[in-house]
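Sequences listed follow chains A and B, in order. Positions 1 to 116 (our numbering) are the ones given, in order, by the first sequence. Positions 117 to 226 (our numbering) are the ones given, in order, by the second sequence. Yeah, the Cβ is synthetic: ideal placement off N, Cα and C, and Gly gets one too.
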Amino acid sequence: KAGVTQTPRYLIKTRGQQVTLSCSPISGHRSVSWYQQTPGQGLQFLFEYFSETQRNKGNFPGRFSGRQFSNSRSEMNVSTLELGDSALYLCASSLSFRGAYYNEQFFGPGTRLTVL
Amino acid sequence: AQSVTQPDIHITVSEGASLELRCNYSYGATPYLFWYVQSPGQGLQLLLKYFSGDTLVQGIKGFEAEFKRSQSSFNLRKPSVHWSDAAEYFCAVYDYKLSFGAGTTVTVRA
């Protein structure tokens, strides 16, 4: 079974631009979560999508947004890029059984975003 | 808020020696705790998890962790380290999302 895939793997942008990252979950998984990893702040939760709805949100500015499609694929968008947005963006998918408190998250390899 | 702390930023260990990585958690109830490993250029791989029950948890790649409520700890151990264990290790707690510690980088010397 294929794992979580993220595209592109590497991206270089300049300040002020916007960027869209894509995540394809494991087949059958309905939840997608996004995390930002930086040397200074470590791994931080951005948001989670389930059935095309944002279910949980971390403490990030509104420049960070996401969406999920009917096939569970997810995209995240960062507008008006800042130097501090340079990071590894990780996506994780899970089955998300109804009523289950926890569903194991499987991580993709990440997208490395560099903002110049 | 639920959180985990990893006191050691970097650990160097000789191949074949034992390894112990520390993790302390802050959580009111019984926490859902995890250890993940990240190799360079890779995503996160789950090593093991603890929800309840037996406080000694076995994971993949020969790792184990022990949950100690009295010490609010969930330390990761491996009896004999291989060169391929060189990576960054993250402890995490789950509360509708994963909250990670700062990570511990493990270097294995020959």
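For residue i, which residues in chain B fall below 7 Å Cβ to Cβ?
i        : result
Leu-21/A : Residues of chain B passing the Cβ test: none, with the nearest at roughly 14 Å.
Of the residues the options, which one's Cα is nearest the Cα of residue i?
i         : options                                  : result
Val-115/A : Gly-108/A, Glu-104/A, Gln-44/A, Leu-88/A : Leu-88/A
Phe-107/A : Gln-18/A, His-29/A, Leu-11/A, Glu-52/A   : His-29/A
Phe-47/A  : Gln-41/A, Ser-65/A, Lys-57/A             : Lys-57/A
Ser-134/B : Ser-196/B, Ala-218/B, Ser-200/B          : Ser-196/B
Look at the Cβ atom of residue i, then the Cβ atom of residue j, and state whether they are nearer than 8 Å.
i         : j         : result
Phe-216/B : Ala-203/B : no
Gln-118/B : Asp-211/B : yes
Gly-84/A  : Trp-34/A  : no
Gln-18/A  : Thr-80/A  : yes
Leu-21/A  : Gln-6/A   : yes
Ser-94/A  : Ser-24/A  : no
Under a Cβ-count criterion, where at least 16 other Cβ atoms within 10 Å of its own Cβ denotes burial, should residue i be classed as buried or exposed?
i         : result
Asp-170/B : exposed
Thr-128/B : exposed
Lys-177/B : exposed
Tyr-152/B : buried
Within the same chain, show all residues whose beta-carbon is closer than 6 Å to that of residue i, passing over the 5 residues directly before and after it, in chain order.
i         : result
Phe-167/B : Tyr-148
Phe-150/B : Lys-165, Ala-208
Ser-188/B : Asn-140, Tyr-141
Who are the Cβ neighbours of residue i in its own chain at under 7 Å, not counting the five residues just before and after it?
i        : result
Phe-60/A : Leu-46
Taking Cβ-Cβ distances shorter than 8 Å, what residues in chain A pair up with residue i?
i         : result
Ala-218/B : Gly-42
Keeping to the same chain, check which residues put their C-beta closer than 8 Å to that of residue i; ignore five residues upstream and five downstream.
i         : result
Arg-225/B : Thr-128, Val-129, Ser-130, Glu-131
Pro-123/B : Arg-138, Asn-140
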